[in-house]
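Note that the protein sequences, when read in sequence, are chains A and B. For the first sequence, the positions run 2 to 351 when the working numbering is used. For the second sequence, the positions run 2 to 351 when the working numbering is used. Beta carbons are placed, not taken as given, at the ideal position from N, Cα and C, and that holds for glycine. If you're wondering where the values come from, they're calculated on a predicted model, not measured in any experiment. I have placed the structure first, in the form of structure tokens, so that the comments after it can refer back to it.
Number of protein chains: 2
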Amino acid sequence: MAKRPATIIHVAEKARVSVKTVSRVLNDEPNVTPDLKARVLAAVEKLGYSPSKAARTMAGSRSYLLVAFNDRRLTLDNWRSERGNEWIDQMLYGAMLRCEQSGYHLMFELVDRESDQLEKQITAVLSSLQPDGVILTPPNCENPVVLGALKKRSIPFVRLNTPVRGQGPRVYMDDRAAARQATKHLLGLGHTRIAMIAGDYKFSSSILRVETFEATMEAAGHPVPEARIYKGDFTFEAGVAGARALLDLPDPPTAIMASNDQMALGVVSVAQARGLAVPGDLSILSYDDTIGVRLSAPSLTAVRQPVAKMAEKAADMLITASAAGEKQIAGNTLVPFELMVRASTGPAPK
Amino acid sequence: MAKRPATIIHVAEKARVSVKTVSRVLNDEPNVTPDLKARVLAAVEKLGYSPSKAARTMAGSRSYLLVAFNDRRLTLDNWRSERGNEWIDQMLYGAMLRCEQSGYHLMFELVDRESDQLEKQITAVLSSLQPDGVILTPPNCENPVVLGALKKRSIPFVRLNTPVRGQGPRVYMDDRAAARQATKHLLGLGHTRIAMIAGDYKFSSSILRVETFEATMEAAGHPVPEARIYKGDFTFEAGVAGARALLDLPDPPTAIMASNDQMALGVVSVAQARGLAVPGDLSILSYDDTIGVRLSAPSLTAVRQPVAKMAEKAADMLITASAAGEKQIAGNTLVPFELMVRASTGPAPK
DNA sequence: CTCTTAGATGATACCGCTCCCATTCTCGTC
DNA sequence: GACGAGAATGGGAGCGGTATCATCTAAGAG
Chain A
2 MAKRPATIIH
12 VAEKARVSVK
22 TVSRVLNDEP
32 NVTPDLKARV
42 LAAVEKLGYS
52 PSKAARTMAG
62 SRSYLLVAFN
72 DRRLTLDNWR
82 SERGNEWIDQ
92 MLYGAMLRCE
102 QSGYHLMFEL
112 VDRESDQLEK
122 QITAVLSSLQ
132 PDGVILTPPN
142 CENPVVLGAL
152 KKRSIPFVRL
162 NTPVRGQGPR
172 VYMDDRAAAR
182 QATKHLLGLG
192 HTRIAMIAGD
202 YKFSSSILRV
212 ETFEATMEAA
222 GHPVPEARIY
232 KGDFTFEAGV
242 AGARALLDLP
252 DPPTAIMASN
262 DQMALGVVSV
272 AQARGLAVPG
282 DLSILSYDDT
292 IGVRLSAPSL
302 TAVRQPVAKM
312 AEKAADMLIT
322 ASAAGEKQIA
332 GNTLVPFELM
342 VRASTGPAPK
Chain B
2 MAKRPATIIH
12 VAEKARVSVK
22 TVSRVLNDEP
32 NVTPDLKARV
42 LAAVEKLGYS
52 PSKAARTMAG
62 SRSYLLVAFN
72 DRRLTLDNWR
82 SERGNEWIDQ
92 MLYGAMLRCE
102 QSGYHLMFEL
112 VDRESDQLEK
122 QITAVLSSLQ
132 PDGVILTPPN
142 CENPVVLGAL
152 KKRSIPFVRL
162 NTPVRGQGPR
172 VYMDDRAAAR
182 QATKHLLGLG
192 HTRIAMIAGD
202 YKFSSSILRV
212 ETFEATMEAA
222 GHPVPEARIY
232 KGDFTFEAGV
242 AGARALLDLP
252 DPPTAIMASN
262 DQMALGVVSV
272 AQARGLAVPG
282 DLSILSYDDT
292 IGVRLSAPSL
302 TAVRQPVAKM
312 AEKAADMLIT
322 ASAAGEKQIA
332 GNTLVPFELM
342 VRASTGPAPK
């Protein structure tokens with residue numbers, strides 16, 4: 002009863018044409034008469050035929066597969082702590098749907114940025130899966146080992162949301178402008194003692210945000226003392242520790258900006274524990290705008306990263322290039338961010 | 002510079018053995034002397050060789066690929082509304098990590114349960130991807146078209162979290178016991194006027210939960226009038242509509258149980274809008290226990306579904322069977338649920 | 001010491017497709 | 001009317017593995 006799926010040969014026989022002609026029709030190649038084309042399509046329909054990806058990959062120059070390399074530690078940490086992983090969620094949404102449109106597939110891989118096996122891991126995936134393109138997320142998109150492995154094999158790739166230029170095509174948002182706008186939002190509310198909980202400096206966005214924050218504050222006449230920058234690592238716990246350290250300063254901040262949502266939620270929990278009203282006593286601003294900050298009490302003002310759009314665009318670039326047989330991906334794409342003003346930021350206390 | 006990956010032939014040459022011997026080593030087949038095995042492994046290492054999945058799929062009887070069929074509508078709705086999709090997240094976590102351990106891969110497919118092309122969609126995926134196994138989530142795991150297509154092609158599959166037995170192997174939780182425990186939790190708090198917002202009846206868990214709720218109430222001497230069951234469809238909006246309808250009853254409930262998290266959050270929003278204290282005036286209990294209900298204010302008491310564990314187990318069953326060359330999957334697996342008691346349920350008001 | 005037998009290895013035919021290279025056919029051209 | 005260009009089709013060689021089967025070796029039996 003194990004019904005074997007139909008092959009291209011069955012289709013060819015049924016349509017009374019050569020295998021090659023079927024292939025032409027399937028791949029929309031030119032020089033096929035409408036008559037034959039119709040016969041082939043009819044046979045395909047009747048047999049419920051769908052070409053084997055494996056065979057196509059072997060024989061042809063395309064595999065109809067994109068791979069997304071995510072950071073293993075970051076990803077697993079999020080999963081384990083049951084915080085969910087909206088980055089991945091949104092990537093799936095954006096990239097997968099785009100892939101589907103063109104008969105492509107998307108595969109997730111977790112790679113360990115700290116492992117000395119990193120290059121081997123990447124290489125193994127590339128040679129066993131032979132993807133037509135790769136999507137890199139931070140911090141992989143800034144990792145020379147990862148980039149080197151891809152370049153050595155001339156696998157087209159697109160980097161998601163890295164501010165680092167010159168290392169290949171990327172789809173990104175303007176981190177600098179976002180940090181500036183976020184800072185100005187707080188300044189506009191009358192805050193002058195603003196602190197920041199930075200992200201892991203292995204992510205260059207983290208550095209950029211801090212720098213821009215400092216520059217913007219300085220320009221407004223409120224230079225930021227070093228103590229008001231806390232180095233975090235994107236975890237909830239870092240948010241808690243950072244908030245405590247910052248609020249224990251002799252001149253505690255009236256607003257705290259966190260470089261991602263989980264740290265911001267950590268800040269919220271500390272504020273609540275200390276009986277500080279948000280935003281009455283303390284304003285809180287976050288980056289990422291994942292679901293947690295929209296549902297938290299109060300809902301958080303946040304810089305929204307259009308992850309789904311970025312992923313969709315990245316997939317689009319890779320598929321387009323692959324379909325055209327190009328190994329080189331065209332230019333960069335800037336996608337707009339948005340400052341979602343919600344209930345966690347308000348006028349500075351007197 | 003496009004370095005071609007090494008093939009099994011290169012390995013064979015380097016190790017001075019036949020291609021077949023390399024294949025034996027790679028697949029842990031018996032009857033290879035340690036000497037040769039060592040030579041082969043050394044060559045593999047030196048060349049950074051990793052066998053092509055495509056070639057293996059074509060030549061062999063395994064593809065090292067599992068496919069998870071998710072419901073397209075449900076999934077996309079969740080994504081579009083930016084509520085996230087923790088089911089998928091957790092499946093990735095559980096199933097993907099299990100796959101990784103055995104050199105397998107997991108691929109997500111969205112299929113439209115309402116489409117008349119459903120069977121064609123499934124068939125296309127099966128014949129183009131040739132997965133070694135399929136994981137089905139509700140409501141696909143109860144869809145005769147889906148099940149039929151899989152059976153026709155003898156593709157092993159495991160159904161996740163369906164109470165329907167006799168249609169193939171499944172990994173599931175005891176919905177009946179969960180509904181009973183949830184109901185008793187509320188009864189224990191003194192509630193007698195308890196209402197339920199049911200899920201889409203296309204998911205048989207929905208029906209089971211309602212029935213068990215009714216039976217448990219009846220046994221406790223508090224039969225549930227029909228008006229206290231609202232038929233929802235798993236959306237936030239259904240939760241809102243349901244809460245309004247139920248609270249507008251002449252004898253409004255003191256507790257509402259919702260068949261999933263989004264509907265429960267809808268109930269919370271109505272309660273807040275009407276100035277009802279939770280749980281002072283109204284207790285709320287939910288199913289699924291996704292991240293939203295843990296972060297909401299107040300955090301919700303919920304029946305936790307161990308989705309990651311279920312997915313891991315499902316992947317495990319499929320991989321084990323596939324490795325053993327069996328087309329038949331062994332039995333069912335019951336995984337434990339847990340009632341997470343949080344701040345949204347409390348003693349019934351006087 | 002020959003015969004059996006199981007273990008160890010290799011040769012080779014595919015698997016289902018794409019790609020390169022004929023081959024045939026139809027025109028338009030001089 | 002012979003000839004070349006280009007369109008329409010087909011033939012057949014791989015792609016990189018696995019599976020079947022043949023071959024060869026060495027250990028144990030009589």
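Query: Taking C-alpha atoms, which residue in A:Ala228, A:Gly233, A:Gly240 lies nearest to A:Asp252?; Result: A:Ala228
Query: Using the rule of at least 16 other Cβ atoms within 10 Å of the residue's Cβ for burial, across every protein chain shown, is A:Ser128 buried or exposed?; Result: buried
Query: Using 10 angstroms around the beta-carbon of A:Asp18, count the other beta-carbons present and answer buried if the total reaches 16, otherwise exposed.; Result: A quick correction: the sequence has Val, not Asp, at residue 18 of chain A. Classification of A:Val18: buried, given that the 10 Å Cβ count is 16 or more.
Query: Compute the distance between the beta-carbons of A:Thr213 and A:Ala180, then report whether it is under 8 Å.; Result: yes
Query: Distance check for A:Val165 and A:Ala325, CA to CA, integer angstroms please.; Result: 27 Å
Query: Could you compute how far the alpha carbon of B:Glu30 sits from the alpha carbon of B:Leu48?; Result: 21 Å
Query: Just the chain A side, please: which residues come within less than 8 Å of B:Glu87 by C-beta, in chain order?; Result: Gly85
Query: Would you verify that the beta carbon of B:Lys54 is, or is not, closer than 8 Å to some beta carbon of chain A?; Result: yes
Query: Out of B:Ala13, B:Ala221, B:Leu250, B:Asn86, point me to the one whose CA is closest to B:Tyr231's CA.; Result: B:Leu250
Query: Find the residues of chain A that neighbour B:Asp234, judging by a C-beta separation of less than 7 Å, and give them in chain order.; Result: Correct list: empty, because the minimum Cβ distance to chain A is about 20 Å.
Query: Within the continuous beta strand (DSSP E) that includes A:Phe109, where are the two ends?; Result: 106 to 112
Query: Just to make sure I have the definition right: I need the residues of chain A whose C-beta is within less than 7 Å of the C-beta of B:His106. Which are they?; Result: Met108
Query: Closer than 9 Å between beta carbons: that is the criterion. Which residues of the segment 126 to 145 of chain B meet it against chain A?; Result: Val126, Leu127, Ser128, Ser129, Leu130, Gln131
Query: Entirely within the segment 195 to 238 of chain A and at least 3 residues each: give me those beta strand (DSSP E) ranges in chain order.; Result: 195 to 199, 230 to 232
Query: Can you list, in chain order, the residues of the segment 287 to 321 of chain B whose Cβ is nearer than 7 Å to any Cβ on chain A?; Result: Ile292, Gly293, Leu296, Ser297, Ala298
Query: Please list the residues of the segment 67 to 78 of chain A that have a C-beta atom closer than 7 Å to any C-beta atom in chain B, keeping them in chain order.; Result: none
Query: Excluding five sequence neighbours on each side, which residues of the same chain lie with their C-beta closer than 6 Å to the C-beta of A:Asp119?; Result: Reading off the sequence shown, one finds Leu at residue 119 of chain A, where the question assumed Asp. Within the same chain, A:Leu119 has close Cβ partners Val146.
Query: Helix, strand or coil for B:Asp176 per DSSP?; Result: helix
Query: On the DSSP letters alone, give me the boundaries of the alpha helix (DSSP H) that B:Val20 sits inside.; Result: 20 to 27
Query: B:Val159: which of B:Val225, B:Phe109, B:Leu319, B:Val336 sits nearest, CA to CA?; Result: B:Leu319
Query: Would you check if the distance between the CB atom of B:Gly276 and the CB atom of B:Ala244 is smaller than 8 Å?; Result: no
Query: Please confirm if A:Pro157 has its CB atom under 8 Å from at least one CB of chain B.; Result: no
Query: Have a look at the DSSP bridge pairing and note the partners of A:Leu67.; Result: A:Leu107, A:Gly134
Query: Counting only Cβ pairs nearer than 8 Å, list the residues of chain A close to B:Met59.; Result: Ser53, Ala55, Ala56, Met59
Query: Under 8 Å, Cβ to Cβ, is there at least one residue of chain B near A:Met97?; Result: yes
Query: Assign B:Glu219 to buried or exposed, taking buried as 16 or more other Cβ atoms, counted over all protein chains shown, within 10 Å of its Cβ.; Result: exposed
Query: Considering A:Ile9, what are the terminal residues of the beta strand (DSSP E) in which it resides?; Result: A:Ile9 -> not in any beta strand (DSSP E); alpha helix (DSSP H) instead, spanning 9 to 16.
Query: Can you find the residues in the same chain that come closer than 7 Å, C-beta to C-beta, to B:Glu238, ignoring five residues on each side of it along the sequence?; Result: Gly267
Query: What does B:Tyr50 pair with, by DSSP beta-bridge criteria?; Result: Beta-bridge pairing links B:Tyr50 to no other residue.
Query: For A:Ala322, does the three-state DSSP call read helix, strand or coil?; Result: helix
Query: Just to confirm my understanding: we take A:Gln329, look at its own chain, exclude 5 residues before and 5 after, and list those with CB closer than 8 Å. What are they?; Result: Pro157, Ala322
Query: Which one of B:Ala312, B:Ala43, B:Asn32 has the shortest CA to CA distance from B:Leu107?; Result: B:Ala312
Query: On the criterion of 16 or more Cβ atoms from any shown chain inside 10 Å, does A:Gly347 qualify as buried, or is it exposed?; Result: buried
Query: Going by C-alpha to C-alpha distance, which of B:Ala69, B:Thr22, B:Ala16 sits closest to B:Cys142?; Result: B:Ala69
Query: Taking the Cβ atom as the reference point for each residue, do B:Pro254 and B:Arg305 lie within a distance shorter than 8 Å?; Result: no
Query: Quick check on A:Ile285: does DSSP put it in helix, strand or coil?; Result: strand
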